[in-house]
Amino acid sequence: MDFWFGERKMAFDYDVVVVGAGPAGLEAAIYLAKEKVNVLVLDRKQEIGCPKRCAEGLSLSWFKRLKIKPNPDWAVNVIKGAALYAPNGKGINFKDKEVNGYILERKMFEKHLAIEAVKLGAKILLKQQVVAAKRVNGGVELDVEVNDEIKKVTAKIVLACDGVDSLTAKMLGLNTKLDLKETDSGYQYEMTGISGYDEELLHIYFGTDVAPRGYVWIFPKRGGTANVGIGIGAYEAETAKFYLDRWIAAQPGLRNGSIIEVNAGAIPVGGFLTKMEADNLLVAGDAGHMVDPIHGGGIGIALEGGLIAAEVAAKAIKANDFSDKFLSQYTKKWYAERGTHLMRRLKGRHLLEQLTNDDFNYLVGSINMDEALKIGNGTLTAKDKALLFTKKLITRPGLLKIMMKYLAE
Amino acid sequence: MVVKNNPNKCLYCGACVGVCPVQAIVLKDTRIIVDEKKCTSCGACVKMCPVGAMALQKN
Chain A
30 MDFWFGERKM
40 AFDYDVVVVG
50 AGPAGLEAAI
60 YLAKEKVNVL
70 VLDRKQEIGC
80 PKRCAEGLSL
90 SWFKRLKIKP
100 NPDWAVNVIK
110 GAALYAPNGK
120 GINFKDKEVN
130 GYILERKMFE
140 KHLAIEAVKL
150 GAKILLKQQV
160 VAAKRVNGGV
170 ELDVEVNDEI
180 KKVTAKIVLA
190 CDGVDSLTAK
200 MLGLNTKLDL
210 KETDSGYQYE
220 MTGISGYDEE
230 LLHIYFGTDV
240 APRGYVWIFP
250 KRGGTANVGI
260 GIGAYEAETA
270 KFYLDRWIAA
280 QPGLRNGSII
290 EVNAGAIPVG
300 GFLTKMEADN
310 LLVAGDAGHM
320 VDPIHGGGIG
330 IALEGGLIAA
340 EVAAKAIKAN
350 DFSDKFLSQY
360 TKKWYAERGT
370 HLMRRLKGRH
380 LLEQLTNDDF
390 NYLVGSINMD
400 EALKIGNGTL
410 TAKDKALLFT
420 KKLITRPGLL
430 KIMMKYLAE
Chain B
186 MVVKNNPNKC
196 LYCGACVGVC
206 PVQAIVLKDT
216 RIIVDEKKCT
226 SCGACVKMCP
236 VGAMALQKN
């Protein structure tokens with residue numbers, strides 16, 4: 030597609046180049062292709078959706094919000110609730126009659142998205158390493174290493190969805206660096222031949238010895254297979270692998286299971302980038318730190334981030350305006366629709382990080398699941414708070430102080 | 186001192202790339218490449234790595 034820039038007629042290879050074929054990039058490509066925008070998706074890997082850096086849980090609310098139908102090809106298990114466990118082994122749980130989430134098979138899910146994007150007119154290329162990016166003639170020129178050659182690709186807008194290891198946005202002057210203090214170190218096994226837990230619940234284990242400043246999870250697939258993982262503060266003395274191996278060794282239902290996949294990754298739990306765009310550039314997914322600050326989940330958030338970025342990119346292409354000013358609609362829309370709401374949950378994580386083993390034991394023994402969810406979401410009513418403070422936390426002044434500070438902020 | 190990647194431990198997850206303050210680390214498919222000229226040996230990647238595959242060593 031051609032357009033006039035000053036006196037010269039400029040031609041770009043693509044309207045939009047998406048870097049990164051994960052949920053954010055592929056959801057964006059689907060929307061852009063639907064809007065007849067000329068879009069190319071580049072991924073540095075040899076395979077889409079693999080290796081995952083993910084526990085693969087996606088709640089039903091995201092399916093509804095994004096109008097996605099769960100497909101048994103990639104939505105491999107139904108989830109009806111969750112169980113939270115204190116260090117002393119006691120737990121609280123809730124289980125709905127209805128399905129309220131799914132465990133995905135990411136390598137199938139992303140391939141499904143990729144096939145849909147291509148059917149609608151997008152193009153995808155793999156083993157493409159973006160090694161440099163600069164602004165040229167009102168657009169962007171990418172140097173892409175393919176085999177041993179550098180290939181030039183030009184576009185009006187670049188959509189950086191290249192994960193926690195994103196360098197594309199940095200090459201174009203937007204700093205997406207992760208703050209070590211606000212990033213969790215994640216490690217996971219997909220295990221099979223394991224038992225002793227309800228396969229329709231997500232299982233979350235707290236404790237400063239179990240997972241300092243984080244938690245251990247079991248996200249079940251069907252028939253004795255599950256993602257068993259951990260996220261901990263990045264500045265702990267031991268690695269995430271150390272803590273997970275130690276925990277699994279103490280679980281009778283898990284320790285004799287077999288590992289069929291090993292996963293790792295940084296989890297950007299510190300809240301979203303405050304500015305997610307620049308001239309000719311939009312950032313979505315993990316590259317924009319789009320992860321729930323409490324539980325570290327990011328599939329749904331990345332899908333929605335990619336979608337909103339694509340909506341703004343399509344508008345920009347139609348308006349022929351790729352300036353930071355025009356594209357800033359994206360950051361505004363993101364915060365208005367999701368960001369501000371989710372950022373409230375950052376306080377919830379800071380609260381969790383302060384709790385001791387005794388606090389966890391006490392809380393799990395005294396509060397119910399409804400209260401736990403409301404604390405996490407920051408939706409306790411005045412009546413809830415009064416009950417919590419006067420009846421349940423009154424005997425634990427240290428915990429009461431932490432909670433009051435959290436709830437007053 | 187400079188940071189070195191141990192490919193025998195590495196799961197090429199890219200966590201080290203994200204926390205590097207000077208963009209000295211690149212993840213290329215299944216390889217972590219450290220630009221030793223750029224590395225300031227701050228150790229952020231060493232702390233971040235989930236499997237202990239990054240270590241500060243004498244150059």
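Just so you know, the protein sequences line up as chains A and B, in that order.
Per the numbering used here, the very first residue in the first sequence carries number 30; after that it's consecutive.
Per the numbering used here, the very first residue in the second sequence carries number 186; after that it's consecutive.
We put the CB at the ideal spot given by N, CA and C, even for glycine.
If you're wondering where the values come from, they're calculated on a predicted model, not measured in any experiment.
message: Rounded to whole angstroms, what is the Cα-Cα separation between THR183/A and CYS201/B?
response: Position 154 of the first sequence holds residue 183/A. Position 16 of the second sequence holds residue 201/B. Taking the straight line joining both Cα atoms gives about 29 angstroms.
query: Buried or exposed: LYS430/A, going by 16 or more other Cβ atoms within 10 Å of its Cβ?
result: Position 401 of the first sequence, counted from the start, is the residue given in the question as residue 430/A. Exposed is the call here.
- prompt: Going along the chain, which residues of its own chain have a beta-carbon closer than 6 angstroms to the beta-carbon of LYS185/A, five neighbours each way excluded?
  reply: Within the first sequence, numbered from 1, the residue matching residue 185/A stands at position 156. Once the five neighbours on either side are set aside, the close Cβ partners of LYS185/A are PHE41, ASP44, GLY168 and PHE351.
query: How many angstroms separate the CA atom of LEU87/A from the CA atom of MET186/B?
result: What you label residue 87/A is simply residue 58 of the first sequence in a count that begins at 1. What you label residue 186/B is simply residue 1 of the second sequence in a count that begins at 1. Distance between the alpha carbons of LEU87/A and MET186/B: 43 angstroms.
query: If you draw a straight line from the C-alpha of TYR435/A to the C-alpha of LYS156/A, how long is it?
result: The residue labelled residue 435/A in the question sits at position 406 within the first sequence. The residue labelled residue 156/A in the question sits at position 127 within the first sequence. Computed Cα separation, rounded: 46 angstroms.
field: Identified DSSP bridge partners for ILE153/A
entry: Stepping through the first sequence from its first residue, residue 153/A is reached at position 124. DSSP, once it has assigned bridges, lists VAL70/A as partnering ILE153/A.
query: Should GLY35/A be labelled buried (16 or more other beta-carbon atoms within 10 Å of its own) or exposed?
result: Here the question's residue 35/A lines up with position 6 in the first sequence. Low confidence applies here, because GLY35/A scores a pLDDT of 49, under 50, leaving its location unreliable; read the following figure in that light. Counting Cβ neighbours within 10 Å, GLY35/A comes out exposed, since fewer than 16 surround it.
- request: List the DSSP bridge partners of HIS232/A.
  value: Counting from one through the first sequence, the residue named residue 232/A turns up at place 203. Note: HIS232/A sits in a beta bridge opposite ALA112/A and ILE247/A.
field: Alpha-carbon to alpha-carbon, ILE121/A and GLY110/A
entry: Residue mapping note: residue 110/A aligns to position 81 of the first sequence, counting from 1. Residue mapping note: residue 121/A aligns to position 92 of the first sequence, counting from 1. Going from the Cα of GLY110/A to the Cα of ILE121/A covers about 11 angstroms.
query: What in chain A is Cβ-close to ALA229/B, meaning under 7 angstroms?
result: Locating residue 229/B in the second sequence gives position 44, where the first residue counts as 1. Those are LEU209, listed as they occur along chain A.
- request: Kindly list the residues whose CB is nearer than 6 angstroms to the CB of CYS79/A, restricted to its own chain and excluding five residues on each side of it in sequence; keep chain order.
  value: Residue mapping note: residue 79/A aligns to position 50 of the first sequence, counting from 1. Cβ within range, chain order: LYS136.
task: Please confirm if GLY35/A has its CB atom under 8 angstroms from at least one CB of chain B.
output: As a first step, residue 35/A is located in the first sequence; it is residue number 6 there, counting from the start. Since pLDDT at GLY35/A reaches only 49, below the 50 mark, its modelled position is unreliable, and no value is offered.
field: Cross-chain neighbours of GLY294/A in chain B, by beta carbon under 8 angstroms
entry: The residue labelled residue 294/A in the question sits at position 265 within the first sequence. Within chain B, the residues near GLY294/A are CYS198, GLY199, ALA200 and PRO235.
- prompt: Ordered along the chain, which non-local residues of its own chain (more than five positions away) have a Cβ less than 6 angstroms from that of LEU69/A?
  reply: As a first step, residue 69/A must be located in the first sequence, where it is residue number 40. Correct list, in chain order: TYR43, VAL46 and LYS152.
query: Which same chain residues, not among the five before or five after ALA53/A, have their C-beta less than 6 angstroms away from its C-beta?
result: Position 24 of the first sequence, counted from the first residue, corresponds to residue 53/A. Taken in chain order, the residues that qualify are CYS190, ALA313, GLY314, ALA331, GLY334 and GLY335.
field: Beta carbon of ILE108/A nearer than 8 angstroms to that of ILE132/A
entry: Locating residue 108/A in the first sequence gives position 79, counting from the first residue. Locating residue 132/A in the first sequence gives position 103, counting from the first residue. Yes, the Cβ-Cβ distance between ILE108/A and ILE132/A is below 8 angstroms.
- prompt: For chain A, is any of its Cβ atoms less than 8 angstroms away from the one on GLN208/B?
  reply: Here residue 208/B refers to the residue found at position 23 when the second sequence is read from its first residue. Yes, GLN208/B lies at the interface with chain A (some Cβ there is under 8 angstroms from its Cβ).
field: Coil, strand or helix - ALA238/B by DSSP
entry: Counting from one through the second sequence, the residue named residue 238/B turns up at place 53. Coil at ALA238/B, not helix or strand.
task: Output the distance between the C-alpha atoms of ASN390/A and ILE261/A, rounded to the nearest integer angstrom.
output: Residue mapping note: residue 390/A aligns to position 361 of the first sequence, counting from 1. Residue mapping note: residue 261/A aligns to position 232 of the first sequence, counting from 1. Rounded to whole angstroms, ASN390/A to ILE261/A spans 19 angstroms at the Cα level.
Contact with chain A by VAL204/B, beta-carbon distance below 8 angstroms: Working through the second sequence from its first residue, we reach residue 204/B at position 19. Cβ-Cβ to chain A under 8 angstroms: yes for VAL204/B.
- prompt: Out of curiosity, what's the CA-to-CA distance linking SER287/A and ASN190/B?
  reply: The count along the first sequence starts at 1 and reaches residue 287/A at position 258. The count along the second sequence starts at 1 and reaches residue 190/B at position 5. About 27 angstroms.
- prompt: How long is the line joining the alpha carbons of LYS232/B and TYR218/A, rounded to whole angstroms?
  reply: In the second sequence, the residue the question calls residue 232/B occupies position 47. In the first sequence, the residue the question calls residue 218/A occupies position 189. In a straight line, the C-alpha of LYS232/B is about 21 angstroms away from that of TYR218/A.
- request: Verify the CB distance criterion: does ASP194/A have a CB-CB separation below 8 angstroms to chain B?
  value: The residue you call residue 194/A lines up with position 165 of the first sequence. At least one chain B Cβ lies under 8 angstroms of ASP194/A.
field: Neighbour flag for VAL211/B against chain A, beta carbons, 8 angstroms
entry: For the purposes of this step, residue 211/B is taken as the residue at position 26 of the second sequence. True, the Cβ-Cβ gap to chain A drops below 8 angstroms.
- prompt: In angstroms, rounded to a whole number, what distance separates the CA positions of ALA238/B and THR212/A?
  reply: In the second sequence, residue 238/B corresponds to position 53, counting from 1. In the first sequence, residue 212/A corresponds to position 183, counting from 1. Rounded to whole angstroms, ALA238/B to THR212/A spans 18 angstroms at the Cα level.
- request: Flag this pair as yes or no: are the beta carbons of ARG367/A and ILE323/A separated by less than 8 angstroms?
  value: Along the first sequence, one-based indexing puts residue 367/A at 338. Along the first sequence, one-based indexing puts residue 323/A at 294. Cβ atoms of ARG367/A and ILE323/A: not closer than 8 angstroms.
- prompt: Taking the beta strand (DSSP E) that GLN217/A falls in, what are its first and last residues?
  reply: Numbered from 1 along the first sequence, position 188 holds the residue referred to as residue 217/A. Run containing GLN217/A: 213-221, per the beta strand (DSSP E) assignment.
task: With DSSP as the reference, label VAL320/A as helix, strand or coil.
output: Within the first sequence, numbered from 1, the residue matching residue 320/A stands at position 291. Three-state result, VAL320/A: coil.
- prompt: Are there 16 or more other CB atoms within 10 angstroms of the CB of PRO281/A, so buried, or fewer, so exposed?
  reply: Taking the first sequence and counting its residues from 1, one reaches residue 281/A at position 252. So PRO281/A counts as exposed.
message: Let me see if you follow: with CB-CB separation under 8 angstroms, is GLY405/A close to chain B or not?
response: Position 376 of the first sequence holds residue 405/A. Closer than 8 angstroms: no.
- request: Report yes if the CB atom of THR205/A is closer than 8 angstroms to the CB atom of LEU302/A, and no otherwise.
  value: Translated into positions along the first sequence, residue 205/A becomes position 176. Translated into positions along the first sequence, residue 302/A becomes position 273. Cβ atoms of THR205/A and LEU302/A: closer than 8 angstroms.
task: Can you check DSSP and say which residues form a bridge with LEU188/A?
output: Counting from one through the first sequence, the residue named residue 188/A turns up at place 159. Paired residue(s): VAL47/A and LEU311/A.
message: Less than 8 angstroms between CB atoms is the rule here; does LYS189/B satisfy it with respect to chain A?
response: Within the second sequence, residue 189/B is the residue found at index 4, counting from 1. Taking Cβ atoms only, chain A never reaches closer than 8 angstroms to LYS189/B, which makes this a no.
- request: Using only alpha-carbon positions, find the residue among VAL245/A, PHE123/A and LYS250/A that is nearest to GLU85/A.
  value: Within the first sequence, numbered from 1, the residue matching residue 85/A stands at position 56. That would be LYS250/A, whose Cα lies nearest to the Cα of GLU85/A.
query: When the cut-off is 8 angstroms and only beta carbons count, does LYS243/B lie next to chain E?
result: Any reference to chain E falls outside this structure, whose protein chains are A and B.
- request: Starting from LEU133/A, trace the beta strand (DSSP E) both ways and give me its first and last residue.
  value: As a first step, residue 133/A is located in the first sequence; it is residue number 104 there, counting from the start. First-last of the beta strand (DSSP E) with LEU133/A: 130-133.
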